[in-house]
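At the far end of the sequence shown sits residue 331, using numbering that gives the first Met the number 0, and the numbering has no gaps.
Here the structure is laid out as structure tokens; the discussion comes afterwards.
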Amino acid sequence: MHVLPDPARRAVNRPEQVRRAAESLLGLRITAPPRRIERGYGNENWWLSGDDREYLLKIAPPAADLGKLTASARAHRLAVERGVPAPELVIFEPACAELDGRTVRIVDYLDTVHPPEVLTADTVPEFFAGFGAAVATLHSVRPGGFASRVGGSTTFPTWADYVDFRVPQIRGRALATDLYPAADWNAMLDRARDLAAVVSDVVEPSLVHRDLYLDNVLADRDGRFAAIIDFDGAEVWDPVVDFVKLRWQVFGEHPGSAAAYLQGYASVAGPIRRFAERLHVVEILELANHAANAALTDNPAFAEQATARLDVVLGSTPDGPAVDLDVDQPTT
0 MHVLPDPARR AVNRPEQVRR AAESLLGLRI TAPPRRIERG YGNENWWLSG DDREYLLKIA
60 PPAADLGKLT ASARAHRLAV ERGVPAPELV IFEPACAELD GRTVRIVDYL DTVHPPEVLT
120 ADTVPEFFAG FGAAVATLHS VRPGGFASRV GGSTTFPTWA DYVDFRVPQI RGRALATDLY
180 PAADWNAMLD RARDLAAVVS DVVEPSLVHR DLYLDNVLAD RDGRFAAIID FDGAEVWDPV
240 VDFVKLRWQV FGEHPGSAAA YLQGYASVAG PIRRFAERLH VVEILELANH AANAALTDNP
300 AFAEQATARL DVVLGSTPDG PAVDLDVDQP TT
């Protein structure tokens, strides 16, 4: 009689599944037992070693959107081709038979550390200057019109056109929550849409990450910036969107980081035209989206964090002090 393995037995056999999958996909022998890396969200991550080279194998969740993952892989490769410091995407397998038909990606494993482990008052300036320069290089990739995916989705010729398309999607999710009254949701999203039309002429479609914070970058052991990782949220947007999470979750924790980051960014991209107004647009769009999605997926803690930040943004004006890069930075 054939008996399906129970979850415990399946878990015990997972390293062997990973080894077989990696050897099949890479065409080489894995020379050390695969090791699970308990970091990251969504993907199941495994360290591999074979033929004097180390890899990271990423197994997507069972319900992952293949179209989105394909677009993410395309964005990742475009970034590396442009010279963005990021691990090379070696393999993209849409349906790996050895791993239950799940989508698998294999990237080079970088011998690096999580930035908070090495960020100090002495290392902050160099790390964040390198970070800013890397992101500016990413933003120099121009895949075409504005779009929610890098290839495979509708593109829009102007930022105003794209925001007109995006706002109803966010509005629909937002109005399904009770985080704000309907009138407040409508007012803030109309505000973002109207201001997007004002600044649209200076916004060029750029490859953006849309999830830049310290969990999605790497440092070397001396505290220098090393790489950007995890392009799963990459789209073609106003590049200013990549300041949103940094201002919300990073700059305030590391004094001097904002100025160093902007200096590094400007060394590659030059000054950002109409920065304050563009920032106001993308902060409203992104924070409203984060808050609504968190509320609808039963993540009240993150919804609360997003609405708290959104309240700060809504209490500012596009030319007011709250658009300063160092907003919310602790005073000493």
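For each residue, glycine too, the CB sits at the ideal point set by N, CA and C.
Keep in mind that this is a model prediction, so the values were computed, not measured.
Please report the residue range of the alpha helix (DSSP H) in which N12 lies.
Unbroken alpha helix (DSSP H) run through N12: 6-25.
Which residue comes first and which comes last in the beta strand (DSSP E) that contains I58?
52-58 is the extent of the beta strand (DSSP E) around I58.
Which residues in the same chain have their Cβ closer than 7 Å to the Cβ of W184, if we skip the five residues on either side of it in sequence?
Excluding residues within five positions, the ones whose Cβ falls inside 7 Å are R170, A173, L174.
Using CA coordinates, which residue listed in L295, D219, L24, A290 is at the minimum distance from E303?
Checking every option, the nearest Cα to that of E303 belongs to A290.
Which residues in the same chain have their Cβ closer than 7 Å to the Cβ of L109, if we skip the five residues on either side of it in sequence?
Hits under 7 Å: P86, L217, A225, A226.
Closer than 9 Å to chain C by CB, K57
Given the protein chain composition of this structure (a single chain), no chain C is represented.
Is T102 helix, strand or coil when you go by DSSP?
Here T102 sits in strand by DSSP.
Which of helix, strand or coil does DSSP assign to V207?
When secondary structure is reduced to three states using DSSP, V207 falls in the strand class.
For D214, the nearest candidate out of A128, V112, D163 (CA to CA)
Checked all of A128, V112, D163; the closest Cα to D214 is V112.
Taking C-alpha atoms, which residue in A294, L284, P124, P114 lies nearest to D219?
It is P114.
Return the CA-CA distance between A275 and Q16, expressed in angstroms with no decimal places.
The C-alpha of Q16 is placed about 50 Å away from the C-alpha of A275.
At which residues does the beta strand (DSSP E) containing I283 begin and terminate?
For I283, no beta strand (DSSP E) run applies; the uninterrupted alpha helix (DSSP H) run containing it begins and ends at 274-295, by DSSP.
So R101 and I36 are in contact, right, with Cβ under 8 Å, and what is the actual spacing, rounded?
Not really, about 17 Å apart at Cβ, beyond 8 Å.
Since G49 sits in a beta bridge, which residues does DSSP pair it with?
G49 pairs with R52.
For A186 and A159, which I take to be in contact (beta-carbon distance under 8 Å), what is that distance rounded to the nearest angstrom?
In this structure, A186 and A159 do not form a Cβ contact; the two beta carbons are roughly 19 Å apart against a cut-off of 8 Å.
Count the other CB atoms, across all protein chains shown, that sit within 10 Å of the CB of D121; report buried if there are 16 or more and exposed otherwise.
Here D121 is exposed, its C-beta having fewer than 16 other C-beta atoms within 10 Å.
Assign G269 to buried or exposed, taking buried as 16 or more other Cβ atoms, counted over all protein chains shown, within 10 Å of its Cβ.
With fewer than 16 other Cβ atoms within 10 Å, it is exposed.
Per DSSP, E92 is paired with what?
Answer by DSSP bridge pairing, in chain order: V103.
Identified DSSP bridge partners for F145
BP columns for F145 point to F155.
Cβ separation of A293 and A305, assumed to be a contact under 8 Å, to the nearest whole Å
Going by Cβ atoms, the distance from A293 to A305 rounds to 6 Å, so yes, they are a contact pair.
Could you tell me the alpha carbon to alpha carbon distance between L50 and A20, rounded to whole angstroms?
The displayed chain sequence assigns Asp, not Leu, to residue 50. Cα to Cα, D50 sits roughly 16 Å from A20.
Work out the CA separation of I283 and P156 for me, nearest whole Å.
Rounded to whole angstroms, the gap between the alpha carbons of P156 and I283 is 22 Å.
Measure the alpha-carbon distance for V235 versus R209 and round it to whole angstroms.
Note on geometry: alpha-carbon atoms of V235 and R209 lie some 10 Å from one another.
Please return the same chain residues whose Cβ sits closer than 6 Å to the Cβ of E116, not counting the five positions on each side in sequence.
Excluding residues within five positions, none has a Cβ falling inside 6 Å.
Excluding the 5 residues flanking D107 on each side, which residues of the same chain have their C-beta closer than 8 Å to its C-beta?
Here the set comprises R52, E53, Y54, L55, P86, E87, V89.
Can you tell me whether DSSP reads V235 as helix, strand or coil?
Strand, per DSSP.
What residue from E97, A96, G150, P60 has the CA that sits closest to R76's CA?
Ranking the options by Cα distance to R76, first place goes to G150.
Cβ contact (3+ pairs, closer than 8 Å) linking the region 21-34 and the region 59-72
Verdict: no, contact absent.
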